[in-house]
């Protein structure tokens with residue numbers, strides 16, 4: 661029988677809030693060049709000292725780039741991935757304040773305008789379809805989409821795990837809700853997402869993590885459990901899936917913004933076969949982005965995990 665988790669005391673919640681608030685404040689005022697060096701140090705500590713995560717990353721890379729990259733290249737990519745992981749969160753703290761400003765275009769003309777302009781393609785697809793399903797892998801800065809969407813005039817709902825501390829939850833999600841974004845709790849999100857799409861709002865998801873309730877779909881030449889929810893929603897509401905990503909280029913706040921062509925549901929005789937086709941195309945689009953920027957992908961996650969007793973989905 662699963663034990664119930666003890667509820668946190670109010671004093672512990674406030675202590676957590678104070679610690680996170682202080683960390684966010686320090687990160688916000690720290691120059692980006694210094695923050696990058698800090699993230700590099702933290703990433704190296706993770707790579708060299710956390711054996712389990714390092715081994716998962718190396719094993720994933722060896723299988724993904726079999727006969728394509730040397731062992732030295734694989735180790736370097738894994739190390740870059742660890743550094744990128746920490747820098748992403750530091751960068752998110754800074755970006756959330758940049759995109760929250762009303763004078764975003766005036767204060768960050770060259771960078772912000774380019775990002776919003778590139779997301780114009782995403783908005784065109786959204787407008788044409790009356791809402792669509794944006795998916796992004798854990799690469800580069802995957803948190804940019806929610807912030808850019810409001811600046812680009814694109815209504816968006818995102819799926820997020822609720823926190824067990826209401827003070828932290830307000831702190832973390834305040835900037836999102838203040839700009840018109842809708843945050844959907846991850847638990848039983850499928851039903852809420854259906855209502856969101858009916859209203860003509862687009863949704864944003866991160867579908868590149870292993871899940872027991874998933875389909876076995878090719879990803880870098882190996883079967884990986886992949887959530888069918890984006891494809892199921894696309895099929896039910898006749899909405900396209902669009903793969904997006906913001907990968908770093910040289911220079912502060914410089915990104916290669918990638919917006920795929922829409923993956924549209926077609927005519928089918930087998931619902932399951934069409935869901936598999938759409939999910940496979942989604943994975944191929946994500947794989948293409950990851951191959952272009954392998955050092956910015958989250959290789960530490962056990963993407964090809966196998967689950968004991970897993971039954972075929974939609975059998």
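Residue numbers (the numbering used here): 661 to 975. For glycine and all other residues, C-beta sits at the position ideal for the given N, C-alpha and C.
**Report entry** Straight-line gap, residue 733 to residue 740 (C-alpha atoms, nearest Å)
**Finding:** Residue 733 sits at position 73 when you count from the first residue of the chain shown. Residue 740 sits at position 80 when you count from the first residue of the chain shown. Distance between the alpha carbons of residue 733 and residue 740 is about 10 Å.
Query raised in the report: Distance, Cα to Cα, residue 670 vs residue 871?
Result: The residue labelled residue 670 in the question sits at position 10 within the chain shown. The residue labelled residue 871 in the question sits at position 211 within the chain shown. Rounded to the nearest angstrom, the two C-alpha atoms are 33 Å apart.
Requested in this report: Decide yes or no for the touch test of the region 920-934 against the region 809-821: beta carbon pairs closer than 8 Å, at least 3 of them.
Outcome: no
Query raised in the report: Out of curiosity, what's the CA-to-CA distance linking residue 909 and residue 919?
Result: Residue 909 sits at position 249 when you count from the first residue of the chain shown. Residue 919 sits at position 259 when you count from the first residue of the chain shown. Taking the straight line joining both Cα atoms gives about 16 Å.
Requested in this report: State buried or exposed for residue 860, treating a residue as buried only when at least 16 other CB atoms are found within 10 Å of its CB.
Outcome: Taking the first residue of the chain shown as 1, we reach residue 860 at position 200. So residue 860 ends up on the exposed side.
Query raised in the report: Of all the options 957, 961, 969 and 964, which has the alpha carbon lying nearest to the alpha carbon of residue 743?
Result: Residue mapping note: residue 743 aligns to position 83 of the chain shown, counting from 1. Selected option, being the one with the closest Cα: 957.
**Report entry** Where residue 882 falls: helix, strand or coil (DSSP)
**Finding:** Here residue 882 is taken as the residue at index 222 of the chain shown, counted from 1. Three-state result, residue 882: strand.
Query - residue 824 - DSSP class collapsed to helix/strand/coil - result: Numbered from 1 along the chain shown, position 164 holds the residue referred to as residue 824. Three-state DSSP puts residue 824 in coil, outside helix and strand.
Requested in this report: Look at the alpha carbon of residue 802 and the alpha carbon of residue 928, and state the distance between them as a whole number of angstroms.
Outcome: By one-based count along the chain shown, residue 802 stands at place 142. By one-based count along the chain shown, residue 928 stands at place 268. In a straight line, the C-alpha of residue 802 is about 32 Å away from that of residue 928.
Query - Separation of residue 891 from residue 934, as counted between CA atoms - result: The residue you call residue 934 lines up with position 274 of the chain shown. The residue you call residue 891 lines up with position 231 of the chain shown. Whole-angstrom Cα-Cα distance: 8 Å.
Query raised in the report: Can you find at least 3 beta carbon pairs, one from the region 937-949 and one from the region 883-899, that sit closer than 8 Å?
Result: yes
Query raised in the report: Would a C-beta distance cut-off of 7 Å place residue 716 and residue 962 closer than the cut-off?
Result: Counted from its first residue, the chain shown places residue 716 at position 56. Counted from its first residue, the chain shown places residue 962 at position 302. Contact: yes.
**Report entry** Residues bridged to residue 917 (per DSSP)
**Finding:** As a first step, residue 917 is located in the chain shown; it is residue number 257 there, counting from the start. Paired residues: 906.
**Report entry** Residue burial classification, residue 822 (beta-carbon count within 10 angstroms, cutoff 16)
**Finding:** Numbered from 1 along the chain shown, position 162 holds the residue referred to as residue 822. Looking at its Cβ environment, which holds fewer than 16 other Cβ atoms inside 10 Å, residue 822 is exposed.
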